[in-house]
Amino acid sequence: MIKAILFDAFGTLAEIAERRRPYAKLLSLADAKTRPTHADYAAIVMGRDWAIQETADWLGVTQTQAQEAGVFEGLVTELMSMRLFPEAAETLAQLRANGFTLGICSNLAQPYSAPLRALLPFEMDAYVWSFEVGAIKPSPIIFQAACEALQVKPDEILMIGDTYEADCLGPRMHEMQALHLARTGCSPDSIFLKSLSGLHMICAPEGGHD
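Start counting the sequence shown at 414; every next residue gets the next number (this note's numbering).
This is the structure in C-alpha coordinates:
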(Lines of atoms letter the chains of each structure in order from A and count residues from 1; the text may use other names and numbers.)
(Lines give C-alpha, C1' and ligand atoms only; values in the text may rest on other atoms or scores of the structure.)
Protein backbone atom coordinates (compact mmCIF):
# COMPACT_ATOMS: atom_id res chain seq x y z
CA MET A 1 0.00 0.00 0.00
CA ILE A 2 1.34 3.39 -0.99
CA LYS A 3 1.54 5.82 1.92
CA ALA A 4 3.98 8.39 0.54
CA ILE A 5 4.62 9.94 -2.85
CA LEU A 6 8.08 11.19 -3.67
CA PHE A 7 8.63 13.62 -6.54
CA ASP A 8 11.66 14.58 -8.54
CA ALA A 9 12.01 18.37 -8.84
CA PHE A 10 13.02 19.74 -12.23
CA GLY A 11 11.34 18.18 -15.23
CA THR A 12 8.67 16.82 -12.90
CA LEU A 13 7.24 19.53 -10.63
CA ALA A 14 9.09 22.53 -12.03
CA GLU A 15 11.10 23.81 -14.96
CA ILE A 16 13.62 26.53 -15.70
CA ALA A 17 12.25 28.75 -18.44
CA GLU A 18 15.50 30.56 -19.25
CA ARG A 19 18.38 28.10 -19.31
CA ARG A 20 21.84 29.58 -18.87
CA ARG A 21 23.71 26.48 -17.60
CA PRO A 22 25.99 28.40 -15.21
CA TYR A 23 27.60 25.28 -13.80
CA ALA A 24 28.51 23.98 -17.25
CA LYS A 25 29.96 27.39 -18.08
CA LEU A 26 31.94 27.31 -14.85
CA LEU A 27 33.40 23.91 -15.74
CA SER A 28 34.50 25.21 -19.14
CA LEU A 29 36.60 27.87 -17.36
CA ALA A 30 38.59 25.30 -15.40
CA ASP A 31 42.12 24.35 -16.41
CA ALA A 32 41.86 21.58 -19.02
CA LYS A 33 44.67 19.64 -17.34
CA THR A 34 42.85 19.35 -14.02
CA ARG A 35 39.24 19.63 -15.19
CA PRO A 36 37.07 16.78 -13.82
CA THR A 37 34.95 14.58 -16.05
CA HIS A 38 31.32 15.61 -16.48
CA ALA A 39 30.19 12.68 -14.31
CA ASP A 40 32.61 13.52 -11.50
CA TYR A 41 31.69 17.19 -11.74
CA ALA A 42 27.97 16.44 -11.53
CA ALA A 43 28.57 14.34 -8.42
CA ILE A 44 30.43 17.25 -6.81
CA VAL A 45 27.99 19.99 -7.85
CA MET A 46 24.92 18.08 -6.69
CA GLY A 47 26.52 16.12 -3.88
CA ARG A 48 28.03 18.93 -1.80
CA ASP A 49 26.35 21.72 0.11
CA TRP A 50 28.21 24.45 -1.74
CA ALA A 51 27.32 27.87 -3.06
CA ILE A 52 28.42 28.37 -6.66
CA GLN A 53 31.47 30.40 -5.57
CA GLU A 54 32.67 27.41 -3.55
CA THR A 55 32.38 25.26 -6.66
CA ALA A 56 34.39 27.87 -8.56
CA ASP A 57 37.05 27.80 -5.85
CA TRP A 58 37.24 24.01 -6.04
CA LEU A 59 37.74 24.24 -9.82
CA GLY A 60 40.39 26.91 -9.44
CA VAL A 61 38.27 29.51 -11.23
CA THR A 62 38.56 33.02 -9.83
CA GLN A 63 35.59 35.18 -8.99
CA THR A 64 36.67 37.63 -11.69
CA GLN A 65 36.79 34.89 -14.33
CA ALA A 66 33.36 33.64 -13.35
CA GLN A 67 31.94 37.15 -13.24
CA GLU A 68 33.27 38.06 -16.68
CA ALA A 69 31.90 34.84 -18.16
CA GLY A 70 28.42 35.59 -16.82
CA VAL A 71 28.31 32.61 -14.48
CA PHE A 72 26.70 34.40 -11.53
CA GLU A 73 24.33 36.38 -13.73
CA GLY A 74 23.31 33.18 -15.46
CA LEU A 75 22.53 31.52 -12.16
CA VAL A 76 20.34 34.43 -11.09
CA THR A 77 18.51 34.30 -14.42
CA GLU A 78 17.80 30.60 -13.97
CA LEU A 79 16.60 31.01 -10.40
CA MET A 80 14.29 33.85 -11.34
CA SER A 81 12.82 31.93 -14.28
CA MET A 82 11.89 28.82 -12.30
CA ARG A 83 8.21 27.93 -12.43
CA LEU A 84 5.94 25.04 -11.56
CA PHE A 85 4.34 23.05 -14.34
CA PRO A 86 0.70 24.16 -14.72
CA GLU A 87 -0.78 21.04 -13.12
CA ALA A 88 1.73 20.66 -10.29
CA ALA A 89 0.13 22.75 -7.53
CA GLU A 90 -3.34 21.26 -7.99
CA THR A 91 -1.95 17.72 -8.11
CA LEU A 92 -0.01 18.21 -4.88
CA ALA A 93 -3.06 19.69 -3.15
CA GLN A 94 -5.29 16.80 -4.25
CA LEU A 95 -2.78 14.19 -3.12
CA ARG A 96 -2.41 15.82 0.27
CA ALA A 97 -6.20 15.98 0.59
CA ASN A 98 -6.22 12.24 -0.17
CA GLY A 99 -4.01 11.66 2.85
CA PHE A 100 -0.63 10.98 1.28
CA THR A 101 2.68 11.99 2.79
CA LEU A 102 4.53 14.04 0.16
CA GLY A 103 8.21 14.62 -0.44
CA ILE A 104 10.78 15.73 -2.98
CA CYS A 105 13.90 13.74 -3.83
CA SER A 106 16.13 15.61 -6.24
CA ASN A 107 19.62 15.71 -7.67
CA LEU A 108 20.15 19.41 -7.19
CA ALA A 109 22.84 22.03 -6.72
CA GLN A 110 22.36 23.90 -3.45
CA PRO A 111 21.36 27.34 -4.85
CA TYR A 112 18.22 25.93 -6.50
CA SER A 113 16.57 24.45 -3.40
CA ALA A 114 15.24 27.53 -1.60
CA PRO A 115 13.71 29.15 -4.72
CA LEU A 116 12.06 25.85 -5.59
CA ARG A 117 10.54 25.52 -2.13
CA ALA A 118 9.19 29.07 -2.45
CA LEU A 119 7.25 28.03 -5.56
CA LEU A 120 5.43 25.16 -3.89
CA PRO A 121 1.82 25.65 -2.74
CA PHE A 122 2.73 24.37 0.74
CA GLU A 123 5.63 22.77 2.57
CA MET A 124 6.32 19.14 1.72
CA ASP A 125 6.60 16.56 4.49
CA ALA A 126 10.19 15.83 3.50
CA TYR A 127 12.94 17.22 1.27
CA VAL A 128 15.71 14.89 0.24
CA TRP A 129 18.30 16.99 -1.57
CA SER A 130 21.36 15.29 -3.04
CA PHE A 131 23.61 18.09 -1.79
CA GLU A 132 22.49 17.43 1.79
CA VAL A 133 22.62 13.64 1.58
CA GLY A 134 25.98 13.61 -0.21
CA ALA A 135 24.79 11.17 -2.87
CA ILE A 136 22.90 11.47 -6.14
CA LYS A 137 20.19 9.32 -7.66
CA PRO A 138 20.22 6.44 -8.49
CA SER A 139 22.48 5.72 -5.50
CA PRO A 140 20.65 3.63 -2.87
CA ILE A 141 22.00 6.04 -0.26
CA ILE A 142 19.62 8.82 -1.29
CA PHE A 143 16.61 6.48 -1.44
CA GLN A 144 17.40 5.16 2.03
CA ALA A 145 17.54 8.77 3.21
CA ALA A 146 14.11 9.32 1.64
CA CYS A 147 12.63 6.36 3.51
CA GLU A 148 14.00 7.70 6.77
CA ALA A 149 12.75 11.23 6.07
CA LEU A 150 9.27 10.03 5.16
CA GLN A 151 9.24 7.44 7.97
CA VAL A 152 7.85 4.69 5.75
CA LYS A 153 9.09 1.42 4.26
CA PRO A 154 10.49 1.41 0.69
CA ASP A 155 7.51 -0.50 -0.74
CA GLU A 156 5.17 2.13 0.72
CA ILE A 157 6.70 4.87 -1.47
CA LEU A 158 5.76 5.79 -5.03
CA MET A 159 8.46 7.78 -6.84
CA ILE A 160 7.48 10.06 -9.72
CA GLY A 161 10.13 11.50 -12.02
CA ASP A 162 11.17 12.24 -15.58
CA THR A 163 14.66 10.68 -15.61
CA TYR A 164 14.17 6.97 -16.12
CA GLU A 165 17.38 5.61 -14.60
CA ALA A 166 17.40 7.97 -11.62
CA ASP A 167 13.68 8.14 -10.90
CA CYS A 168 12.43 4.69 -11.89
CA LEU A 169 15.19 2.09 -12.07
CA GLY A 170 16.96 3.41 -8.97
CA PRO A 171 13.86 3.43 -6.73
CA ARG A 172 12.77 -0.01 -7.97
CA MET A 173 16.18 -1.43 -7.08
CA HIS A 174 15.49 -0.09 -3.58
CA GLU A 175 12.08 -1.86 -3.52
CA MET A 176 10.11 1.33 -4.07
CA GLN A 177 7.38 1.67 -6.66
CA ALA A 178 7.94 4.17 -9.47
CA LEU A 179 6.07 5.84 -12.31
CA HIS A 180 7.93 7.43 -15.19
CA LEU A 181 6.78 10.93 -16.14
CA ALA A 182 7.38 11.16 -19.89
CA ARG A 183 5.95 14.44 -21.10
CA THR A 184 7.10 13.56 -24.63
CA GLY A 185 4.88 10.49 -24.58
CA CYS A 186 7.82 8.10 -24.97
CA SER A 187 8.79 5.75 -22.13
CA PRO A 188 10.42 2.32 -21.73
CA ASP A 189 7.46 1.39 -19.53
CA SER A 190 4.05 0.42 -20.88
CA ILE A 191 2.37 2.32 -18.03
CA PHE A 192 3.62 5.86 -17.52
CA LEU A 193 2.46 9.44 -17.01
CA LYS A 194 2.36 12.15 -19.67
CA SER A 195 1.66 14.81 -17.05
CA LEU A 196 0.92 14.99 -13.34
CA SER A 197 -2.77 15.56 -14.04
CA GLY A 198 -4.82 12.61 -12.94
CA LEU A 199 -2.16 11.22 -10.61
CA HIS A 200 -4.58 11.64 -7.71
CA MET A 201 -7.04 9.43 -9.60
CA ILE A 202 -4.45 6.64 -9.84
CA CYS A 203 -3.84 6.86 -6.11
CA ALA A 204 -6.84 5.80 -4.04
CA PRO A 205 -8.44 8.40 -1.72
CA GLU A 206 -8.19 5.95 1.19
CA GLY A 207 -4.55 6.99 1.57
CA GLY A 208 -2.91 4.25 -0.43
CA HIS A 209 -3.10 1.77 -3.26
CA ASP A 210 -1.60 -1.61 -4.04
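Yeah, the Cβ is synthetic: ideal placement off N, Cα and C, and Gly gets one too. Owing to the predicted nature of the structure, the values given are computational and were not obtained by experimental measurement.
- alpha helix (DSSP H) segments (min. 4 residues) lying fully within the segment 447-530: 451-460, 465-472, 476-481, 484-493 and 501-510
- In terms of residues, what are the limits of the beta strand (DSSP E) holding A562? No beta strand (DSSP E) holds A562; the alpha helix (DSSP H) holding it covers P553 to L563.
- Message: Let me check understanding here. Comparing Cα to Cα, which of R496, T425, A539 and A591 lies closest to C616?
- Response: A591
- How do the segment 470-487 and the segment 500-509 stand: do at least 3 beta-carbon pairs fall below 8 Å, yes or no? no
- Task: Indicate whether T407 and G473 have their beta-carbon atoms separated by less than 9 Å.
- Result: No answer is possible for residue 407: it lies beyond the span of the chain, which begins at 414 and ends at 623.
- Message: Since A559 and I570 should fall inside the 8 Å C-beta cutoff, what is the C-beta to C-beta distance between them, to a whole number of angstroms?
- Response: 7 Å
- Message: Check for me: the beta strand (DSSP E) holding I570 runs from which residue to which?
- Response: I570 to G574
- Message: So for A430, helix, strand or coil by DSSP?
- Response: coil
- Item | Nearest-angstrom Cα separation, counted from A482 out to D568 | 46 Å
- Query: If you follow the beta strand (DSSP E) that I418 is part of, which residue opens it and which one closes it?
  - Reply: A417 to F420
- Per the contact definition of three or more C-beta pairs closer than 8 Å, is the segment 524-534 in contact with the segment 491-503? yes
- Query: In three-state terms, what does DSSP make of C616?
  - Reply: coil
- Task: Can you tell me which of M589, K438 and T450 puts its alpha carbon nearest to the alpha carbon of Q466?
- Result: K438
- Message: Considering only DSSP beta bridges, list what Y540 is partnered with.
- Response: I517
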